[in-house]
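See below for the structure under consideration.
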Amino acid sequence: MIPKMALAPDTDQHVSWAPDREQRTGVAASVRGLGKRFRKSRVLEDVSFDVAEGESLVLLGASGSGKTTILRIMAGLEQPDKGRVILHGKDVTDLPARERGVGVIFQAYALFPRMTVEKNIGFGLKIRRRPRKERRQTVDRLLKLVQLEEHRNKYPWQLSGGQQQRVAIARTLAYKPQVLLFDEPFGALDAQTRVHLRREIRALLRQVKVPSVFITHDQEEALELGDRIAVLNDGHLEQVGTPDEVYNHPATEYVATFLGAANLLLGVITNQAVEIGSASLPAARETRRFREGQSVKLVFRPEDVCLSQDANLPEGCRRLANGVIEEVSFVGAYERLNIRLDLTHRHQAQNEAPLYQVTINTPEKMTGVPIIVTRPKPDTNAPRYKAGDRVAVGLTSFSVLPNYTLARR
Amino acid sequence: MKISSLRHVRGFDVARPVSIGLMLGIMLPLVILPLLSIFVVGTRKGPGFFWASLVAPEAVYALKLSMVTSFWATVFNVIFGLLAAYVLSRYDFWGRNAVIVTISLPTAIPTAVAGFALLALWGPYGTLGRFLFPPEGKHQLMFTAYAIILANIFVTFPLAFGVIKPVFDTMSRSLEEASATIGATRWQTFWYVTLPSLRGAIVGGALLTFARAVGEFGSTILVSGNVAGHTQTAPLYIFAKYNSGEIGSLEAANAIAIVLALLSFVIFSVLFFARDWLEFETQEV
Numbered sequence: 082m083i084p085k086m087a088l089a090p091d092t093d094q095h096v097s098w099a100p101d102r103e104q105r106t107g108v109a110a111s112v113r114g115l116g117k118r119f120r121k122s123r124v125l126e127d128v129s130f131d132v133a134e135g136e137s138l139v140l141l142g143a144s145g146s147g148k149t150t151i152l153r154i155m156a157g158l159e160q161p162d163k164g165r166v167i168l169h170g171k172d173v174t175d176l177p178a179r180e181r182g183v184g185v186i187f188q189a190y191a192l193f194p195r196m197t198v199e200k201n202i203g204f205g206l207k208i209r210r211r212p213r214k215e216r217r218q219t220v221d222r223l224l225k226l227v228q229l230e231e232h233r234n235k236y237p238w239q240l241s242g243g244q245q246q247r248v249a250i251a252r253t254l255a256y257k258p259q260v261l262l263f264d265e266p267f268g269a270l271d272a273q274t275r276v277h278l279r280r281e282i283r284a285l286l287r288q289v290k291v292p293s294v295f296i297t298h299d300q301e302e303a304l305e306l307g308d309r310i311a312v313l314n315d316g317h318l319e320q321v322g323t324p325d326e327v328y329n330h331p332a333t334e335y336v337a338t339f340l341g342a343a344n345l346l347l348g349v350i351t352n353q354a355v356e357i358g359s360a361s362l363p364a365a366r367e368t369r370r371f372r373e374g375q376s377v378k379l380v381f382r383p384e385d386v387c388l389s390q391d392a393n394l395p396e397g398c399r400r401l402a403n404g405v406i407e408e409v410s411f412v413g414a415y416e417r418l419n420i421r422l423d424l425t426h427r428h429q430a431q432n433e434a435p436l437y438q439v440t441i442n443t444p445e446k447m448t449g450v451p452i453i454v455t456r457p458k459p460d461t462n463a464p465r466y467k468a469g470d471r472v473a474v475g476l477t478s479f480s481v482l483p484n485y486t487l488a489r490r
Numbered sequence: 525m526k527i528s529s530l531r532h533v534r535g536f537d538v539a540r541p542v543s544i545g546l547m548l549g550i551m552l553p554l555v556i557l558p559l560l561s562i563f564v565v566g567t568r569k570g571p572g573f574f575w576a577s578l579v580a581p582e583a584v585y586a587l588k589l590s591m592v593t594s595f596w597a598t599v600f601n602v603i604f605g606l607l608a609a610y611v612l613s614r615y616d617f618w619g620r621n622a623v624i625v626t627i628s629l630p631t632a633i634p635t636a637v638a639g640f641a642l643l644a645l646w647g648p649y650g651t652l653g654r655f656l657f658p659p660e661g662k663h664q665l666m667f668t669a670y671a672i673i674l675a676n677i678f679v680t681f682p683l684a685f686g687v688i689k690p691v692f693d694t695m696s697r698s699l700e701e702a703s704a705t706i707g708a709t710r711w712q713t714f715w716y717v718t719l720p721s722l723r724g725a726i727v728g729g730a731l732l733t734f735a736r737a738v739g740e741f742g743s744t745i746l747v748s749g750n751v752a753g754h755t756q757t758a759p760l761y762i763f764a765k766y767n768s769g770e771i772g773s774l775e776a777a778n779a780i781a782i783v784l785a786l787l788s789f790v791i792f793s794v795l796f797f798a799r800d801w802l803e804f805e806t807q808e809v
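Chain order of the listed sequences is U and D. Residue 82 is where the first sequence starts when you use our numbering, and the numbers rise one by one after that. Residue 525 is where the second sequence starts when you use our numbering, and the numbers rise one by one after that.
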């Protein structure tokens with residue numbers, strides 16, 4: 082059981098756990114053009130990003146995408162082949178880990194097993210030979226901050242995973258780290274604890290205002306923890322942006338598909354619209370950066386699809402094509418529909434009665450392009466759909482990406 | 525440790541008493557009875573004679589010498605074992621595997637050969653000894669207590685290393701990495717983080733080394749000179765008493781053997797029963 086943790090407010094004097102020399106605005110940490118090879122295989126290629134003061138940045142990527150290597154390079158546990166690491170304006174690329182003043186929260190927390198909670202937290206000050214009184218005060222304040230006062234004399238193995246994590250954070254805060262680096266902080270925990278703990282950490286970080294870098298492969302975690310998200314794929318950055326930017330305006334197909342579900346359709350730019358088979362999606366703004374006739378990919382989220390049983394789609398919803406509902410399934414809070422789009426037939430003229438041409442009666446005859454649509458659990462008077470219903474399909478939001486996946490590298 | 529066994533048959537399982545009995549039956553003539561007979565022979569002339577044998581000056585000196593030389597050999601081998609385990613688990617270098625094999629070699633070499641090897645190097649006519657400790661010179665390394673320590677070091681060389689190295693290998697690197705990112709120097713990390721995790725292995729390796737060194741005979745008899753009251757360790761004393769043919773010498777030899785047997789019994793009991801405590805120290809929760 083996880084006790085509910087309300088973070089202790091800084092009642093006595095306000096204590097900042099960010100470094101003293103910090104300038105309140107500006108860049109806290111940045112990496113420039115990082116490159117790294119392990120034997121023959123390239124792990125990182127030209128990775129650059131900044132972490133602003135007080136910001137939390139999430140490095141999101143599949144396993145093997147190089148995110149751990151970036152973290153280890155920033156911490157000084159690994160040397161890059163190329164590129165620089167800059168912390169508060171100082172190039173630390175050639176400094177050993179212990180001179181960088183970064184706080185690393187390891188995946189399994191790496192608490193010292195032979196030290197009590199108190200001693201773990203005080204370790205950073207002890208090796209810095211700070212006076213005993215200062216050490217005790219700092220440890221007391223930190224224990225209060227992470228709500229572990231009654232556990233101060235326990236050993237790490239006597240604590241729950243969440244408590245251990247808080248000790249690990251407090252241990253780094255004690256020496257006012259320039260930046261906090263979290264290595265898959267919730268990987269070792271069950272789903273429920275994970276959600277709980279990341280809210281705690283988010284609240285804690287808001288309070289201590291230390292810039293942080295998280296690495297994770299969990300997109301939900303990334304969206305919730307990050308002020309900004311950097312999506313890594315195979316050693317290079319695909320996109321860096323706010324959760325809203327990367328989710329709603331993915332720059333690449335990889336970002337679109339890695340962060341949540343996405344439907345992808347191949348199309349061609351024709352007359353300020355995306356032409357997909359026989360369908361044509363008007364998109365004057367989205368197609369501006371493409372030339373006429375260019376091959377593109379239309380990317381849209383399952384929840385950005387609107388449906389209608391007559392030809393009238395709601396306001397703000399651009400008509401894409403007609404389709405037939407193939408399957409309806411309830412997934413907890415929302416409803417998922419598998420729809421086959423009819424893209425082989427001519428788009429209807431204005432006021433023309435919809436002609437439904439998709440045949441899905443038997444598996445052999447299945448035609449049309451499958452897409453996935455989700456929508457909130459319909460309330461009682463909303464139209465219910467069932468398999469076999471014919472619907473008009475429109476989009477409220479979508480992205481148009483160049484279709485050069487194959488050409489890339 | 526909790527032991528559970530799978531149930532194979534209905535009702536009474538005869539395999540249990542039979543297999544336990546078989547094991548003890550094999551151990552009895554091979555190990556248990558020979559050990560017991562030491563006690564029988566050592567005490568058969570009565571407690572008075574037994575006590576007199578123990579406190580005989582040469583016997584006391586032999587036991588003391590054994591303890592002291594084994595102690596210093598243990599101290600050396602534990603420190604060296606730590607160093608070697610650290611180097612071999614942290615650095616990769618050309619010839620690393622050859623070094624690992626070489627460290628383990630002394631266990632396979634007959635102890636008499638080990639003694640001869642030391643003589644061949646340090647003895648008055650040895651390859652180095654002829655220059656450092658010439659026969660006409662004042663100082664000799666061989667035939668002193670130092671030679672006994674050298675012999676003990678040689679034959680127990682891999683024991684502490686063998687216990688410490690696996691703990692080093694399995695120790696999570698992230699502890700040392702965490703310590704470094706917190707700001708500790710290499711030495712602080714070793715002292716505050718690495719060493720405490722090795723406490724169990726160090727105690728275990730030391731006890732093992734000490735137990736083995738106390739019982740060492742083959743190499744010691746060659747390098748020590750075996751002078752009673754001077755360079756005679758407890759095992760050499762026992763051997764000398766057996767060979768002397770005096771009345772009661774057999775019983776006197778066995779009295780010392782009883783001490784050695786009890787000592788190793790205590791050491792291995794500690795190793796076994798303190799295992800949970802020692803392992804608790806190495807586990808990473």
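We put the CB at the ideal spot given by N, CA and C, even for glycine.
Open item on the list: Could you check whether Thr-368(U) and Val-481(U) sit closer than 8 Å to each other, using their CB atoms as the reference points?
Closed with: On the first sequence, residue 481(U) is found 400 positions in, with the first residue counted as 1. On the first sequence, residue 368(U) is found 287 positions in, with the first residue counted as 1. Yes, the pair counts as a contact, with Cβ atoms nearer than the cut-off.
Task: Beta-carbon spacing of Asp-470(U), Ile-406(U) below 8 Å - done: Position 389 of the first sequence, counted from the first residue, corresponds to residue 470(U). Position 325 of the first sequence, counted from the first residue, corresponds to residue 406(U). For Asp-470(U) and Ile-406(U), yes; Cβs fall inside 8 Å.
Open item on the list: Three Cβ pairs or more, each shorter than 8 Å: is that satisfied between the stretch 676-683 of chain D and the stretch 737-747 of chain D?
Closed with: yes
Task: Exposed unless 16 or more other CB atoms sit within 10 angstroms - verdict on Met-547(D) - done: Sequence index remark: in the second sequence, residue 547(D) carries index 23 (1-based). It counts as exposed.
Task: Cut-off 6 Å between Cβ atoms - residues of its own chain near Tyr-256(U), not counting five sequence neighbours on either side - done: Looking up residue 256(U) in the first sequence gives position 175. Taken in chain order, the residues that qualify are Gly-205.
Task: Members of the stretch 203-234 of chain U that neighbour chain D once the beta carbon cut-off is set at 9 Å - done: Phe-204, Gly-205, Lys-207, Ile-208 and Arg-209
- [ ] Using a Cβ-Cβ cut-off of less than 7 Å, list which residues of the stretch 720-741 of chain D approach chain U; keep chain order.
- [x] Pro-720 and Ser-721
- [ ] Please list the segments of the beta strand (DSSP E) lying wholly inside the stretch 286-330 of chain U, counting only runs of 3 or more residues, in order along the chain.
- [x] 293-297, 309-314 and 317-322
TODO: Determine, using beta carbons only, whether Gln-239(U) and Leu-278(U) come nearer to each other than 8 Å.
DONE: If you number the first sequence from 1, residue 239(U) lands on position 158. If you number the first sequence from 1, residue 278(U) lands on position 197. Going by C-beta atoms, Gln-239(U) is not nearer than 8 Å to Leu-278(U).
TODO: Answer with buried or exposed for Gln-348(U), where buried requires no fewer than 16 other C-beta atoms within 10 angstroms of its C-beta.
DONE: Sequence index remark: in the first sequence, residue 348(U) carries index 267 (1-based). Note on identity: in this sequence residue 348(U) is Gly, with Gln being the wrong assignment. Flag for Gly-348(U) reads buried.
- [ ] Let me know if Lys-458(U) comes out buried or exposed under the rule of 16 or more other beta-carbons within 10 Å of its beta-carbon.
- [x] Position 377 of the first sequence, counted from the first residue, corresponds to residue 458(U). Lys-458(U) is exposed by the Cβ-count criterion.
Task: Limits of the beta strand (DSSP E) - the one that Lys-117(U) falls within - done: On the first sequence, residue 117(U) is found 36 positions in, with the first residue counted as 1. Looking at the DSSP string, the run of the beta strand (DSSP E) that includes Lys-117(U) is 108-119.
Open item on the list: Whole angstroms are fine: how far does the CA of Val-380(U) sit from the CA of Gln-353(U)?
Closed with: The sequence position of residue 353(U) within the first sequence is 272, counting from 1. The sequence position of residue 380(U) within the first sequence is 299, counting from 1. Computed Cα separation, rounded: 17 Å.
Task: chain D contact residues for Phe-193(U), given Cβ-Cβ distances below 7 Å - done: Here residue 193(U) refers to the residue found at position 112 of the first sequence. The answer, in chain order, is Leu-699 and Val-717.
- [ ] Tell me Val-481(U)'s beta-bridge partners as DSSP assigns them.
- [x] Residue 481(U) sits at position 400 when you count from the first residue of the first sequence. Val-481(U) is bridged to Leu-379(U).
- [ ] Could you name the residues of the stretch 702-714 of chain D whose beta carbon sits closer than 9 Å to any beta carbon of chain U, in the order they occur along the chain?
- [x] Ala-702, Ser-703, Ala-704, Thr-705, Ile-706, Gly-707, Ala-708, Thr-709, Arg-710, Gln-712 and Thr-713
Task: Strand pairing of Ala-354(U), partner residues [DSSP] - done: On the first sequence, position 273 is the one that residue 354(U) refers to. Looking at the DSSP assignment, Ala-354(U) forms a beta bridge with Thr-351(U) and Pro-363(U).
Open item on the list: Could you compute how far the alpha carbon of Pro-483(U) sits from the alpha carbon of Val-183(U)?
Closed with: Numbered from 1 along the first sequence, position 402 holds the residue referred to as residue 483(U). Numbered from 1 along the first sequence, position 102 holds the residue referred to as residue 183(U). One C-alpha to the other measures close to 40 Å.
Open item on the list: Is the separation between the beta-carbon of Arg-195(U) and that of Pro-720(D) shorter than 8 Å?
Closed with: Along the first sequence, read from residue 1 onward, the residue named residue 195(U) stands at position 114. Along the second sequence, read from residue 1 onward, the residue named residue 720(D) stands at position 196. In this structure, Pro-720(D) lies closer than 8 Å to Arg-195(U) by Cβ.
Task: Where the alpha helix (DSSP H) through Arg-540(D) begins and ends - done: Here residue 540(D) is taken as the residue at index 16 of the second sequence, counted from 1. Element bounds for Arg-540(D): 539-551.
Open item on the list: I believe Val-474(U) touches Asn-403(U) by the beta-carbon criterion, under 8 Å. Please report the beta-carbon distance rounded to the nearest angstrom.
Closed with: As a working note, residue 474(U) is residue 393 in the first sequence. As a working note, residue 403(U) is residue 322 in the first sequence. Contact holds; Cβ gap of about 7 Å.
Task: Distance, Leu-152(U) Cα to Val-294(U) Cα - done: Residue 294(U) sits at position 213 when you count from the first residue of the first sequence. Residue 152(U) sits at position 71 when you count from the first residue of the first sequence. Cα to Cα, the separation comes out at about 8 Å.
- [ ] Determine the chain D residues that contact Phe-187(U) at a beta-carbon separation under 8 Å, and present them in chain order.
- [x] Here residue 187(U) refers to the residue found at position 106 when the first sequence is read from its first residue. Near Phe-187(U) (Cβ distances below 8 Å), the residues of chain D are Ser-698, Glu-701 and Ala-702.
Open item on the list: Within the continuous beta strand (DSSP E) that includes Thr-455(U), where are the two ends?
Closed with: Numbered from its first residue, the first sequence carries residue 455(U) at position 374. From DSSP, the beta strand (DSSP E) with Thr-455(U) extends over 450-457.
Open item on the list: Given this structure, state the Cα-to-Cα distance separating Glu-231(U) from Arg-222(U), to the nearest angstrom.
Closed with: The sequence position of residue 231(U) within the first sequence is 150, counting from 1. The sequence position of residue 222(U) within the first sequence is 141, counting from 1. Glu-231(U) and Arg-222(U): Cα-Cα distance of roughly 13 Å.
TODO: Let me know the secondary structure DSSP gives Asn-419(U) once reduced to three states.
DONE: The residue labelled residue 419(U) in the question sits at position 338 within the first sequence. Here Asn-419(U) sits in strand by DSSP.
- [ ] Output, in chain order, the set of chain D residues within a Cβ distance shorter than 8 Å of Ala-178(U).
- [x] As a first step, residue 178(U) is located in the first sequence; it is residue number 97 there, counting from the start. Simply Glu-701, Ala-704 and Thr-705.
Task: Contact set between Ala-143(U) and chain D, taken where Cβ atoms lie within less than 7 Å - done: Within the first sequence, the letter at position 62 stands for residue 143(U). Neighbours of Ala-143(U) on chain D: none; closest Cβ ~22 Å, over 7 Å.
Open item on the list: For Glu-103(U) and Lys-290(U), I'd like the C-alpha separation in whole angstroms.
Closed with: Within the first sequence, residue 103(U) is the residue found at index 22, counting from 1. Within the first sequence, residue 290(U) is the residue found at index 209, counting from 1. Interpretation of Glu-103(U) is limited by its pLDDT of 46, a score under 50 that renders its predicted location unreliable; the figure taken from the coordinates is listed afterwards. Computed Cα separation, rounded: 11 Å.
Open item on the list: Tell me the rounded alpha-carbon separation between Gly-374(U) and Glu-384(U).
Closed with: The residue labelled residue 374(U) in the question sits at position 293 within the first sequence. The residue labelled residue 384(U) in the question sits at position 303 within the first sequence. Each residue's Cα considered, the two are about 29 Å apart.
Task: Collapsed DSSP secondary structure at Gly-142(U) in the structure displayed - done: Within the first sequence, numbered from 1, the residue matching residue 142(U) stands at position 61. It is a strand residue.
Open item on the list: I'd like to know whether the C-beta of Ala-343(U) is nearer than 8 Å to at least one C-beta of chain D.
Closed with: Position 262 of the first sequence holds residue 343(U). For Ala-343(U), the answer is no, since every Cβ of chain D falls outside 8 Å of its Cβ.
- [ ] Pick helix, strand or coil for Arg-654(D), following the three-state DSSP scheme.
- [x] Position 130 of the second sequence, counting from 1, holds the residue named residue 654(D). It is helical.
- [ ] Give the straight-line distance between the Cα atoms of Tyr-716(D) and Thr-631(D), rounded to the nearest whole angstrom.
- [x] The count along the second sequence starts at 1 and reaches residue 716(D) at position 192. The count along the second sequence starts at 1 and reaches residue 631(D) at position 107. Distance between the alpha carbons of Tyr-716(D) and Thr-631(D): 33 Å.
Open item on the list: When you compare the CB positions of Leu-424(U) and Gly-449(U), do they come within less than 8 Å of one another, or not?
Closed with: In the first sequence, counting from the first residue as 1, residue 424(U) sits at position 343. In the first sequence, counting from the first residue as 1, residue 449(U) sits at position 368. Yes, Cβ-Cβ distance for Leu-424(U) and Gly-449(U) is below 8 Å.
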